[in-house]
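Residue numbers (the working numbering): 381 to 743.
Report on the following structure.
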Amino acid sequence: MKAYANTPFQQNQDIIQPVLENLSNFYRLWIKYVSCSGTYVITPINKQQCNFCRLIRNHPVGYQRCRETARRCVYLDPHRYHLFPCHAGLYVLAVPLQGERGPIGVLATGEIRIDDGTVDTGEVLQKVADLGLNRERLSRYYEEVPVKKREEILLLGETLYAISNCFIRLGSAQSKVRQAEIENALLESELRALSSQINPHFLFNALNTIQMFSYLEGARRTPDIINALSNLLRSRLDVKDLLTSLRDEMEAVNSLLFIQKTRFEDRLQVVIDIPDALLDARVPALSLQPLVENALIPSSAPCHFIKKKFLKKFSEQGGIPENSANFPLMTIIGGISNEKPHTQIQDPECRCCPVGCSLLPGD
Numbered sequence: 381m382k383a384y385a386n387t388p389f390q391q392n393q394d395i396i397q398p399v400l401e402n403l404s405n406f407y408r409l410w411i412k413y414v415s416c417s418g419t420y421v422i423t424p425i426n427k428q429q430c431n432f433c434r435l436i437r438n439h440p441v442g443y444q445r446c447r448e449t450a451r452r453c454v455y456l457d458p459h460r461y462h463l464f465p466c467h468a469g470l471y472v473l474a475v476p477l478q479g480e481r482g483p484i485g486v487l488a489t490g491e492i493r494i495d496d497g498t499v500d501t502g503e504v505l506q507k508v509a510d511l512g513l514n515r516e517r518l519s520r521y522y523e524e525v526p527v528k529k530r531e532e533i534l535l536l537g538e539t540l541y542a543i544s545n546c547f548i549r550l551g552s553a554q555s556k557v558r559q560a561e562i563e564n565a566l567l568e569s570e571l572r573a574l575s576s577q578i579n580p581h582f583l584f585n586a587l588n589t590i591q592m593f594s595y596l597e598g599a600r601r602t603p604d605i606i607n608a609l610s611n612l613l614r615s616r617l618d619v620k621d622l623l624t625s626l627r628d629e630m631e632a633v634n635s636l637l638f639i640q641k642t643r644f645e646d647r648l649q650v651v652i653d654i655p656d657a658l659l660d661a662r663v664p665a666l667s668l669q670p671l672v673e674n675a676l677i678p679s680s681a682p683c684h685f686i687k688k689k690f691l692k693k694f695s696e697q698g699g700i701p702e703n704s705a706n707f708p709l710m711t712i713i714g715g716i717s718n719e720k721p722h723t724q725i726q727d728p729e730c731r732c733c734p735v736g737c738s739l740l741p742g743d
């Protein structure tokens, strides 16, 4: 049978620790939570294991026998508590813990002596004689082991069984809440993804239909605007690589500028100067278009002068070096105003806008 880690007891250790602490103090026993591998996971802080068991566990063979006893407890009937002798002849009270997927550990007491007169010291010492431990110390430590009445231990078994069921149900409820939160987050993520998606075929078919009807109805400029918009959207939807050529990037920018110039007419003037040798250079995809959009934000001021350096310097290998602040090879100068364009609109030292013209460090 497969055992599972990360159990409700480990997840709620801050709650379980004081419960085991109080029970250990009340019953004067060492009560712990043991994992399926036999490891003591949660133990009382203010109470130690009895000296008899500690001496045996200090021996490698004794330690393995103790772990084997603990592992055996895990796979007992989980629907009741168990009282049985350990390998050294003392008694262990164990409550196996069963989760939804299988065993998750056991609540167990430290070894105890039952006051029924059936076991004497000699018989117990004989069980561990092969370990070669000091017999006098073992005998003295055995007499220190707490002696309990069977009825008292059985009552503790009922208590531990009830407590274990409460914690298992708590862990199960927490697991279901976490699973529901994960599923809800997944559904929200899928919904956001669906709401942000648009079918490219539908989009371009719709634009083609609008363009066709604009031709049929005699609109002169509308088809060109639709064509520019279609090219602009296609450039965004068809991105396959992180880098693209400056030529392809400028096609999208030109489509954007065409639409904006149609909108603002003579209020927007643009100058582009890029050497042909640089058009095949590699630049980050979609890097220029957001900068152009940002530079062409209209202002309520009488004249908002915009000057933007988009490209700094390309290396001979066609890349963009890190230190490239002083060699602008492309400058787009645009002005959007509520009046007729000023004569200084293409003057790099334009002073018509009191708020300043520099929008990027290094301009």
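Beta carbons are placed, not taken as given, at the ideal position from N, Cα and C, and that holds for glycine.
- Following the DSSP letters along the chain, one finds Pro476 inside the beta strand (DSSP E) bounded by residues 471 to 478.
- Annotation: the continuous beta strand (DSSP E) that includes Leu623 extends over 623 to 625.
- Boundaries cannot be given for Ile425, as no alpha helix (DSSP H) includes it and DSSP labels it neither H nor E.
- Cβ contact annotation for Pro664 (same chain, cutoff 7 Å, sequence separation greater than five): Leu622, Leu623, in chain order.
- Its Cα nearest to that of Phe406, the residue Ile533 stands out among Tyr455, Ile533, Phe432.
- For Leu536, the three-state secondary structure derived from DSSP is helix.
- Judged by DSSP in its simplified three-state form, Arg451 adopts helix.
- For Pro603, the secondary structure class from DSSP, reduced to helix, strand or coil, is helix.
- A Cβ-Cβ contact shorter than 8 Å links Phe432 with Leu518.
- If you check the CB distance, Pro424 and Glu401 come in under 8 Å.
- A Cβ-Cβ separation of about 5 Å places Pro483 in contact with Val454 under the 8 Å criterion.
- Along the length of the segment 536 to 566, whole beta strand (DSSP E) runs at least 3 residues long do not occur.
- For Thr589, the enclosing alpha helix (DSSP H) starts and ends at 580 to 596.
- The beta-carbon separation of Val504 and Ala468, rounded to 6 Å, stays under the 8 Å limit for a contact.
- Going by DSSP, Lys412 is part of the beta strand (DSSP E) stretching over 411 to 414.
- Just so you know, the alpha carbons of Ile548 and Asp495 end up roughly 32 Å apart.
- Bridge partners of Ala488 according to DSSP: Lys412, Ala474.
- In this structure Gly551 is not in contact with Tyr461, their Cβ atoms being roughly 19 Å apart against a cut-off of 8 Å.
- Contact between Leu668 and Glu629 holds, since their C-beta atoms are separated by about 5 Å, short of 8 Å.
- Take the alpha-carbon of Arg515 and the one of Gly479: they are about 42 Å apart.
- Take the alpha-carbon of Cys446 and the one of Ala509: they are about 15 Å apart.
- Shown here, Val508 sits in coil according to DSSP, grouped into three states, outside any helix or strand.
- For Val619, no alpha helix (DSSP H) run applies, since DSSP gives it neither H nor E.
- Ranked by how close their Cα comes to the Cα of Thr539, the residues Ile395, Asp604, Val399, Asn634 have Val399 in first place.
- Around the beta-carbon of Thr489, 16 or more other beta-carbon atoms lie within 10 Å, marking it buried.
- In terms of Cα proximity to Cys416, the closest of Asp618, Leu596, Lys556, Leu456 is Leu456.
- For Arg662, the enclosing beta strand (DSSP E) has its first and last residue at 662 to 664.
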